[in-house]
Amino acid sequence: MFKYIIRRILQLIPVIIGISIVVFMIVHLAPGDPILMMLGEDATPEDYARLQRIYGFDRPVHEQYLRWAGNALQGDLGVSIRQGAPVSYLIVSRLPATIELAFISVLLGVILGIPLGVIAAIKRETPIDFFSMVVALLGVSMPGFWIALVLLTYIALHVGWIPMFGRGGSVFYGLWQLITTFDGTELYDGLRYIMLPAVSIGTAMMAIITRLTRSSLLEVMGKDYIRTARAKGLGERVVVFKHGLRNALLPVVTIVGIQFGAMLGGAVITETVFAWPGAGRLIVNAIQQRDFPIVQGGVLMMALIFTIVNLLVDLSYAILNPRIRYD
Amino acid sequence: MSKRIGTLVLALAMVFGFGTMAGAAPDDTIVIGSGAEAVGLDPRLETDVPSFERINVIMEPLVTFDVDMQLVERLATDWEFSDDGMTLTFWLREGVVFHDGEPFTAEDVKYTFEWVLDEENAAPNRALYADIGEIEIENDYLIHFHLDNPNSFLLNNMARMPVVPAHHGDREDFRENPVGTGPYAFVDWTRDDVMNLEAFNEYWGGEPIHPYVQFRAIPEGSTRLLAFEAGEIDMYQGGVVPQELPRLEDDPNIAVERTPGTGYNYLGFNTQSGPLAEKEVRQALSRVINREGIVERVLNGIGEPGLNPIPPDLPWFTDEVHDLSYDIDAAREMLEDAGVFGEDITLRLYTNENPERIRIAEILQFEAARVGIDIEVTIEEWGAYLSRIQDTDDYDIFILGWVGQLDPDRAMYRQFHTDGPNNYTFFSNEELDELLELGRTLDPESEESMETYKKAQQIVVENAPYGFINYSEEVLLYHPNIEGITVHPYGANSWQDVHLINKN
Amino acid sequence: MKQIVKNRSALVGLIVIALLLFFAIFADFLVPNDPYHMDIWVSYEAPEWFGEDSQYILGTDDMGRCVLSRIIVGSRISLLVGAVATGSSLIIGVFLGAIGAYAGGKTDAVIMRFMDLILSIPSILLAIAIVATLGPGMVNAMIAIAIVRIPQMARVTRSMVLSIKEEDYVQAGKALGFSHGRLLFKHILMNCFAPIMVVATLGMGTAIVVEAGLSFLGLGAQPPLISWGRMLAMGREAIRAAPHMTLYPGIAIVITVLGFNLLGDGLRDIFDPQLKQR
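Protein chains in written order, with numbering that gives the first Met the number 0: chain A, 0 to 326; chain B, 0 to 503; chain C, 0 to 277.
Right, dumping it as structure tokens:
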């Protein structure tokens, strides 16, 4: 197990190098030019050449890459060309909002999705099953921006204490505060603001988890060892929850891990609609402005977090199914 | 234990119960919504309107535009061009202090413009001030700008450059933590979320009425409107969802103010290649633009049908130009006369992901098909689109807009002069070039200037490098409990007088 | 085929899909109005179900075009995107995931790290990059959607195969000296069918929805092509003034996704005889 973790961490190195090259290539080869985006409408070709030289974009691409990668190795992701601030600072300051939103959304999806999926599987081909399917499909067939706008228009506009946009406080910190000082104001503020964004992301999450749990559980319930368990005279509940669900959760955990990771950089549309100050918006704004250092550093950082989350997911297989060995 | 449960119950009650409009804007703060976050707060480095919306509250230029687009004093109390037009003199306001208590003097003015002009610095708008030669300080409150070339419109450009304090300007974090002379001082800023300002009580124009101002960046138009209707922001200007405008104007609880803007949207034609190299084809294409329909239905009445490159409110505007109004039959005839009607003409039109522009592209595609022209629409992401237009000639038609057309030089030289930096249509006309060069040397208020630019407009419209679509209009939304706000034609200057706003 | 008819959900799903295909193929004959004809003076007209001369049953869109006709014609692109993008990501993803899990060791590591690489680049950036390299348009949007979705298919498959490969019957097969191909494709993959099918059928919906997101960025279907996603993206500004512009294309997407899922469920039951014995 320990050896496996070490090996996976070593495998991270080529992935990160690969990502850094791919991202660097993409931003430099795709059309779009940071200097053009920065220059005002009045700029002359001389201005262009001058700024290109100042920011070092007149050098060959491989030279730019090596310089950037060398600095990145020492922990220096460079300075944003549009905002003038260090990239690592910009990204780290956005991560709490992003991770919190991803976490709460996934939590919402899991809390609602797994029970719904289990019930649907047990009550297979009954109205309950059908109902759970329709709910799930509604979730997955509506684009995020549409769910968000519907929530805003039909709920937030009529319920005074639900805000339209922005982030009030930190839910994690609020929870800590509630536990340590019995002060719930920060938590209340945090929850108020995170509610709608989390619901609009969580809906799709829930849909996927519900469907996957149901099918996976049905699949597992047909397996030999379940039949053995039944034959041993174990109660149906024990069979479903102890033997069935545990094995059925394997693909569910996989998807949850992927979704959690994808949400770090991918909840952009929801972040935009709710004006949520997350990292996804930072990176996509940077893409639009061709702020290369932020795009490069941001994607690299996201990739790092993402691979770590997925390493944890892979490790959790062993807990869910002890027969899986890491060799 | 019971205490803990009590708190938990309380917290739950707060979460699920009644927080009575806790999202509403606080009474002592004016909350301003904005369509985009500022890039930064250093006037020397920024080029976008959202940045200047905020900068113009914190810092001030020498002169500025009032709501009638007249140049008025700000940090300068008077100014004068020398008779030969080669020296511009400013008398500066005395007794002005920066937010840190230091006095404002001519040194700060000199520092700001010299920094911009220094080629070692990354000032993207340097070209606007390139005609400035030597800057001479006569005393703390009298400064002369000696020009290398006469430029009648230099003042308009200087109105876009707030003064940076010399003793802060080289500070590394100035862009995130600026100091100025404006009515509100910078407090803190969480990017993509909120920027807090507080009243500067020693402001030369008098103590601001409200103690705090907050800028909130809300990129999605529908969300911004909803946040405004819910009272979470007090006001915003620009980017009002057109489809909602009729309802808002009927709502007694919402104040809507509108004024003609400083820009326009247009179709740009590549005048150097393909069928569009023919003037007649460009004119015909201009005649299939359903301007009235676009303004009335796509923009819900925001703006006016476009005619020429100068907004109708500027004194140089003329409507005595070649008639290229919407007329499908006339367009067909023109194509027949040019001998291209019935030929398979396919033109590639590019635009970016802006929904209004996509709609305009679709309408044009439909109308052009009626005169036998096939238009292939490609929607590109903004960065890629901009590169295509600015770096290549790989397009037949593009849709773009201009803002801040404050004078005829800004509105025409860059776009239509053969060597203009923004001549994306590759238009070249000797007579026009001469007129535009002449215009720069004339007194802007003289009859000669009017005549020169009238001729220039006629040439531009007749040769149709652009198909003008619509003039822009600025729309300001606020709640009736706000007093003392007027819509500004130039979005960047919207909040420069926010210290006079009162919220009951 | 007999089994499909016997299975209720498969039958309903099949009927829904058949109807959709019918609409897509014969769209030109079924539309009440010309879906491309615009008259901006009648834009944003509300639906009129039972009017005297209800020309526009589902109302008109932002440019006065018939929403119903556009939904019918739009089914072509949306079904195509869903099918092609999901299909290709399914084939590639399952293949890679299965090979990786079955072979284990270096092969697995290389494949999965490669998947990580794709996954960890935010999909919008990836989409922009792909479309920027290939140019915007329908085909390239499909390629972008497919590439973005491959890792997910691969990972789900891999996790299933990892689990199944330890099953007794596989071990027995191994002991009996079955070839790798036979073991992997006949014994293992057939048993992973259920979750893969679910992810794939759900993926149909996701693909259509992702196309909406791309259209939102202008990178999806280019005008005058009509896709449901583009209809949603263009209608979102008018969500309060003219909700019918987004409501009906939305319903069309839900019905389509429902159809594919019903079929997926049914197919799974049919292919999974173990369930029948219960």
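Note that CB positions come from ideal geometry on N, CA and C, so glycine has one too. Nothing here was measured: the structure is a model prediction, and the numbers come from that model.
| field | Supposed contact pair V238/A and I327/A - C-beta distance, whole angstroms, cut 8 Å | value | Examination of residue 327/A is not possible in this model, given that chain A is present from 0 through 326 alone.
| query | Considering only C-alpha positions, which residue in the set A216/B, Q414/B, V66/B, K109/B is nearest to R280/A? | reply | A216/B
| At least three beta-carbon pairs within less than 8 Å, the region 402-419 of chain B to the region 319-328 of chain B | Contact between the region 402-419 of chain B and the region 319-328 of chain B is absent, because fewer than three Cβ pairs lie under 8 Å.
| request: Please confirm if the region 374-381 of chain B is in contact with the region 410-428 of chain B, defined as three or more CB-CB distances below 8 Å between the two stretches. | output: Cβ pair count under 8 Å is below three, so no.
| Same chain only: Cβ atoms within 6 Å of I388/B, ignoring 5 sequence neighbours per side | F397, Y423
| field | Min CB distance S151/B to chain A below 8 Å | value | In terms of beta-carbon proximity, S151/B stays away from the interface with chain A, with every pair separated by 8 Å or more.
| Name the chain B residues that come within less than 8 Å of A206/C, Cβ to Cβ? | In chain order: nothing, as chain B lies at least about 20 Å away.
| query | According to DSSP, is D408/B helix, strand or coil? | reply | helix
| request: Return no unless some Cβ of chain C is closer than 8 Å to the Cβ of W275/A. | output: No, its Cβ sits nowhere closer than 8 Å to a Cβ of chain C.
| field | For G168/B and A317/A, the rounded distance between their alpha carbons | value | 59 Å
| query | Should G112/A go down as buried or exposed, given a rule of 16 or more other Cβ atoms within 10 Å for buried? | reply | Looking at its Cβ environment, which holds 16 or more other Cβ atoms inside 10 Å, G112/A is buried.
| query | So which of Q63/A, I80/A, I154/A, V60/A has the shortest CA-CA distance to P292/A? | reply | When each option's Cα is compared against that of P292/A, the closest is I80/A.
| request: May I have the straight-line CA-CA distance separating A581/B from F112/B, to the nearest angstrom? | output: Absent from the structure is residue 581/B, since the part of chain B shown begins at 0 and ends at 503.
| message | Helix, strand or coil, according to DSSP, for V283/A in the structure here? | response | helix
| said: To the nearest angstrom, how far is the alpha carbon of R267/C from that of M189/C? | reply: 10 Å
| request: Would you kindly report the start and end of the unbroken beta strand (DSSP E) that includes A216/B? | output: 211-216
| query | In the region 126-153 of chain A, which residues sit with their C-beta less than 9 Å from some C-beta in chain B, listed in chain order? | reply | F144, A147, L148, L151, T152
| said: Against chain B, does A143/C count as a neighbour if the rule is that its beta carbon must be under 8 Å from one of theirs? | reply: Taking CB atoms only, A143/C has no neighbour in chain B less than 8 Å away.
| query | For A491/B and chain A, any beta-carbon pair shorter than 8 Å? | reply | no
| request: Could you work out which residues of chain C lie near F227/B, taking near to mean beta carbons separated by less than 9 Å? | output: What F227/B touches in chain C: nothing, since even the nearest Cβ is about 13 Å away.
| field | Cβ shell of R157/C (< 6 Å), same chain only, five flanking positions each side left out | value | Once the five neighbours on either side are set aside, the close Cβ partners of R157/C are G96, G99, A100.
| message | Considering only their Cβ atoms, is the gap separating L441/B from S81/B smaller than 8 Å? | response | When the beta-carbon positions are compared, S81/B and L441/B stay at least 8 Å from each other.
| task | Name, going along the chain, the residues of the region 360-377 of chain B whose beta-carbon falls closer than 7 Å to a beta-carbon of chain C. | result | A360, E361, I362, Q364, F365, V376, T377
| message | Please return the same chain residues whose Cβ sits closer than 6 Å to the Cβ of G220/B, not counting the five positions on each side in sequence. | response | G238, V240
| field | Neighbour list for F215/C in chain A, Cβ cutoff strictly below 9 Å | value | P142, F144, I268
| 6 Å CB neighbourhood of I14/C in its chain, flanking five on each side removed | Counting only residues of its own chain and dropping the five nearest sequence neighbours on each side, I14/C has no CB closer than 6 Å to any other CB.
| request: Put G94/B into one of helix, strand or coil per three-state DSSP. | output: coil
| Three-state class that DSSP yields for I307/A in the structure shown | helix
| said: Measuring only the C-alpha atoms, how far is F164/A from L298/B? | reply: 26 Å
| task | Rank S471/B, R281/B, R170/B by C-alpha distance to the C-alpha of I372/B and give the top, closest one. | result | R281/B
| said: Quick check on W227/C - is its C-beta less than 8 Å from some C-beta in chain B? | reply: no
| query | Whose C-beta lies closer than 7 Å to the C-beta of R220/A among residues of the same chain, with five residues either side of it excluded? | reply | According to the sequence shown, residue 220/A is Met rather than Arg. Hits under 7 Å: G243.
| task | Output the distance between the C-alpha atoms of A367/B and G273/B, rounded to the nearest integer angstrom. | result | Looking at the two C-alpha atoms, the distance is approximately 16 Å.
| Amino acids of chain C, ordered along the chain, whose beta-carbon sits closer than 7 Å to that of E303/B | Simply none; closest approach about 17 Å.
| Reference R356/B; option with closest CA among G104/C, G217/C, A145/C, M159/C | Cα-wise, what sits closest to R356/B is G217/C.
| Hey, would you say the C-beta of R236/A is under 7 Å away from at least one heavy atom of the ligand HEM? | Among the ligands in the structure shown, none appear at all, so the ligand HEM cannot be discussed.
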